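Trainee: Quick one: the structure is below, questions incoming.
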Amino acid sequence: MRYCSPSKTNLHERNCKVTVGIGWTAPRWPFFRLNTDGARGLNEVASAGGLIRDANGKWFWGFGMNIGYCSISMAELCGLYQGLQVAWINGIRFLEAKDWRVFIRHIYHEANFAADFLAKTAGSMPLGFHVYQDPPVGGDPWLCYDM
20 MRYCSPSKTN LHERNCKVTV GIGWTAPRWP FFRLNTDGAR GLNEVASAGG LIRDANGKWF
80 WGFGMNIGYC SISMAELCGL YQGLQVAWIN GIRFLEAKDW RVFIRHIYHE ANFAADFLAK
140 TAGSMPLGFH VYQDPPVGGD PWLCYDM
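Just so we're aligned: 89 in this note's numbering is position 70 of the sequence shown, and the numbers increase by one with no gaps anywhere.
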């Protein structure tokens, strides 16, 4: 891999590739991490899913929801909203930051396979909110891919 210096003025020298490692990272103890995703199938039905993991990466809680027809942005926001509600209802007060100061950041698809799986799975379920106390059938491998 070739790296370039920002001081180079030659345009060819600026077109460099940088390798970046992508993966799920655990929060500091005693925090939990919420990952969510929205999806829209070929039938344009939107869904969302998410999961909460502890500082060791262990599954704590997950959900999927078939939303019906809406934009992908709305599906993403519904997933985030439901995930925050689930965390609060389940007594989680350390979600990435104290006092519920929530930081929203983009997570690459390659580091969000589990939430993506839950969102896509929910698209084939009846309308509404579905809770997973344990990873659903077929979900275990995706938890490992994120890490």
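The beta carbon of each residue, even a glycine, is placed where N, CA and C say it ideally should be.
Quantities reported herein were computed from a predicted structural model and do not represent experimental measurements.
#1: What three-state label does DSSP hand T64 in the structure shown?
#2: Do you know how far the Cα of V37 is from the Cα of D135?
#3: Just curious, the beta strand (DSSP E) that M84 is in, first and last residue?
#4: Can you give the Cα-Cα distance for L70 and G81, rounded to whole angstroms?
#5: Please classify L146 as buried or exposed, where buried requires at least 16 neighbouring CB atoms within 10 angstroms.
#6: Could you give the residue range of the beta strand (DSSP E) that holds A150?
Mentor: Based on what the coordinates show:
#1: Taking the first residue of the sequence shown as 1, we reach residue 64 at position 45. With the sequence shown as reference, residue 64 is identified as Val, and Thr is not the correct amino acid for it. Reduced to three states, the DSSP call for V64 is strand.
#2: As a working note, residue 135 is residue 116 in the sequence shown. As a working note, residue 37 is residue 18 in the sequence shown. If I take the Cα positions, the gap works out to 26 angstroms.
#3: In the sequence shown, counting from the first residue as 1, residue 84 sits at position 65. 78 to 88 is the span of the beta strand (DSSP E), which, as asked, contains M84.
#4: As a first step, residue 70 is located in the sequence shown; it is residue number 51 there, counting from the start. As a first step, residue 81 is located in the sequence shown; it is residue number 62 there, counting from the start. Looking at the two C-alpha atoms, the distance is approximately 4 angstroms.
#5: Along the sequence shown, read from residue 1 onward, the residue named residue 146 stands at position 127. So L146 counts as exposed.
#6: On the sequence shown, residue 150 is found 131 positions in, with the first residue counted as 1. A quick correction: the sequence has Val, not Ala, at residue 150. Note, V150: beta strand (DSSP E), 147 to 151.
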